[in-house]
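Colleague: Input: one structure, supplied below.
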Amino acid sequence: MQHRVTEFFVGLVFGLGLILSGMTDPGKVLGFLDLAGLWDPSLALVMGGAIAVGVFAFALAKKRGLSFFGVDLRLPTQERITQRLVVGSLLFGAGWGLAGFCPGPAWVSMAAGQNKATLFVVFMLIGMAIFEVAERRAQAAQAV
Amino acid sequence: MNIDWIHFTPWMSLGGGILLGIASALFVLLNGRILGISGILGGLLAPRTGDIGWRLAFLLGMGAAPLVFAAVMPPEFMPVVRIDASEPVIALAGVLVGVGTRYGSGCTSGHGVCGLSRLSPRSLVATLCFMAAGFAIVYLLRHAF
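Top to bottom, those sequences are chains A and B. Quick note on our numbering: the first sequence kicks off at 1468 and runs consecutively. Quick note on our numbering: the second sequence kicks off at 35 and runs consecutively.
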């Protein structure tokens, strides 16, 4: 239960950060991605502020090896730069540039009652489901 | 390069970014996990026993943010939301973001915030890729034709 409360609270803080920073406004996100137009540098400060805190937290977490709740750290172990990583991230960036939504802000805006954000989340989940199906087929094909 | 001084919100964006950093810090230090939204959502589509509750708790907390924000902050802090893309474009963008973040193992939070914070070369490559694609698409849509 302690964990569920923490997860809820952390999700809340993250959502508040997205709203305060301006990330839930696709117009602002696209203003940042529009280098050749009138450029809004705000998102660089969002990333900078987040990383300035995060870098210390991850250094401490790695040094400890265990979380303060006593669970093992579950950090990614993959280190290779793969084609999947590059192609997937390019596709994600293309979608991000088309609408100005990435997953977190879309989720928060859906909760705020924005219909277009809800539409985005529905199709994002469809995209994620397509990935799951494709992965299972690939695994099944390998197993044969 | 022309700066959009009217929409530039340095203090709110920096403050919001620090909150994102605090949330990511709490998540790894208390729960031992990477705070990555696409992974948290995507994991619900192939659920394993005991792996659902934490995802739902987190997503519910995020979903409570607009209500809490409106309750504690003065109204002038509530950002204006401008969604100009048409419904078909939003649907296409959603599919691209869904497929892309799962194949690429992360999005702006998992790679951009957490990955860069833990100095992961993979996340640096991913972040450069999605940023570059975002810059390119916006350039094509707004300036190329």
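Yeah, the Cβ is synthetic: ideal placement off N, Cα and C, and Gly gets one too.
What is the rounded straight-line gap between the Cα of L1540 (chain A) and the Cα of M35 (chain B)?
Modeller: By one-based count along the first sequence, residue 1540 (chain A) stands at place 73. By one-based count along the second sequence, residue 35 (chain B) stands at place 1. So the alpha carbons of these two residues sit roughly 43 angstroms apart.
Colleague: Quick one, are the C-beta atoms of G77 (chain B) and R89 (chain B) less than 8 angstroms apart?
Modeller: On the second sequence, position 43 is the one that residue 77 (chain B) refers to. On the second sequence, position 55 is the one that residue 89 (chain B) refers to. Yes; because the gap between Cβ atoms is below 8 angstroms, this pair is in contact.
Colleague: At a Cβ threshold of 8 angstroms, is K1530 (chain A) touching chain B?
Modeller: Sequence index remark: in the first sequence, residue 1530 (chain A) carries index 63 (1-based). No, its Cβ sits nowhere closer than 8 angstroms to a Cβ of chain B.
Colleague: Identify, in the order they occur along the chain, each residue of the same chain with its Cβ nearer than 8 angstroms to the Cβ of A105 (chain B), setting aside the five sequence neighbours on each side.
Modeller: Position 71 of the second sequence, counted from the first residue, corresponds to residue 105 (chain B). There are no such residues.
Colleague: Closest to I56 (chain B) by CA distance: which of A:G1489, A:P1508 and A:V1477 is it?
Modeller: Here residue 56 (chain B) refers to the residue found at position 22 of the second sequence. Of the listed residues, the one whose Cα sits closest to I56 (chain B) is A:V1477.
Colleague: Please report the distance separating the alpha-carbon of P1570 (chain A) from that of V131 (chain B).
Modeller: Here residue 1570 (chain A) refers to the residue found at position 103 when the first sequence is read from its first residue. Here residue 131 (chain B) refers to the residue found at position 97 when the second sequence is read from its first residue. The straight-line gap from Cα to Cα measures roughly 8 angstroms.
Colleague: Please classify I1548 (chain A): does DSSP put it in a helix, a strand, or coil?
Modeller: As a position in the first sequence, residue 1548 (chain A) is number 81, starting the count at 1. Three-state DSSP puts I1548 (chain A) in coil, outside helix and strand.
Colleague: Report yes if the C-beta distance between Y137 (chain B) and L1558 (chain A) is below 8 angstroms; otherwise report no.
Modeller: The residue you call residue 137 (chain B) lines up with position 103 of the second sequence. The residue you call residue 1558 (chain A) lines up with position 91 of the first sequence. For Y137 (chain B) and L1558 (chain A), yes; Cβs fall inside 8 angstroms.
Colleague: When the cut-off is 8 angstroms and only beta carbons count, does V1480 (chain A) lie next to chain B?
Modeller: Within the first sequence, residue 1480 (chain A) is the residue found at index 13, counting from 1. Cβ-Cβ to chain B under 8 angstroms: yes for V1480 (chain A).
Colleague: Could one say the Cβ of R82 (chain B) lies closer than 8 angstroms to chain A's Cβ atoms, at least one of them?
Modeller: Translated into the one-based positions of the second sequence, residue 82 (chain B) becomes position 48. Not closer than 8 angstroms to any Cβ of chain A, the Cβ of R82 (chain B) fails to qualify, so no.
Colleague: To which residues of the same chain is H145 (chain B) closer than 7 angstroms at the C-beta, ignoring the five residues directly before and after it?
Modeller: Numbered from 1 along the second sequence, position 111 holds the residue referred to as residue 145 (chain B). Excluding sequence neighbours, H145 (chain B) sits near S157, A160 and T161.
Colleague: At 8 angstroms on the CB atoms, spell out the chain B contacts of A1608 (chain A), in chain order.
Modeller: Indexing the first sequence from 1 puts residue 1608 (chain A) at position 141. None at all; the shortest Cβ gap to chain B is about 17 angstroms.
Colleague: Note down the Cα distance separating W1574 (chain A) from Q1606 (chain A), rounded to an integer number of angstroms.
Modeller: Numbered from its first residue, the first sequence carries residue 1574 (chain A) at position 107. Numbered from its first residue, the first sequence carries residue 1606 (chain A) at position 139. Approximately 30 angstroms, taken between the alpha carbons.
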